[in-house]
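Written below as structure tokens is the structure these notes are about.
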């Protein structure tokens, strides 16, 4: 099992605390158990999904072609070797390798 990223740890903890606090507050206002369960599950799902998206954005590098009208984009995680990232960057930014000239 891989070690969680710091963003995942903080986001997961914040989601759990916020969800727990909200559930306790709802219980204090005599809200039904199934309603509290529905709210808690939706909060956990949303919080963990958001945390995952933020983690993905923080650990991904995007390389785009700068040629006019070209929509080529390569996304790579930053845990690759620098040499591999350089190859991916070159593939994305060199229009002759993927544009109409390459065909």
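Numbering (the working numbering), first residue to last: 399 to 501.
For every residue, glycine included, the Cβ atom is placed at its ideal position computed from N, Cα and C.
Checklist line | Length of the line joining the Cα atoms of residue 446 and residue 413 | finding: 7 Å
Checklist line | Counterpart residues of residue 458 in DSSP-defined beta bridges | finding: As computed with DSSP, residue 458 is found in a beta bridge with 475.
Check: So what's residue 429 in DSSP terms, helix, strand or just coil?
Finding: coil
Margin query: With distance defined between alpha-carbon atoms, name the residue in 494, 459, 463 and 491 nearest to residue 480.
Written below: 459
Notebook entry, point to check: Is DSSP giving residue 494 helix, strand or coil here?
Noted result: helix
Checklist line | 8 Å Cβ cutoff met for residue 405 and residue 434 | finding: no
Next item on the list: Please name the residue, chosen from 422, 448, 427 and 428, that lies closest to residue 438 on a Cα-to-Cα basis.
Entry: 422
Check: What is the C-beta distance between residue 491 and residue 464, in whole angstroms, given that I count them as a contact (C-beta under 8 Å)?
Finding: With a Cβ gap of about 6 Å, residue 491 and residue 464 count as contacting.
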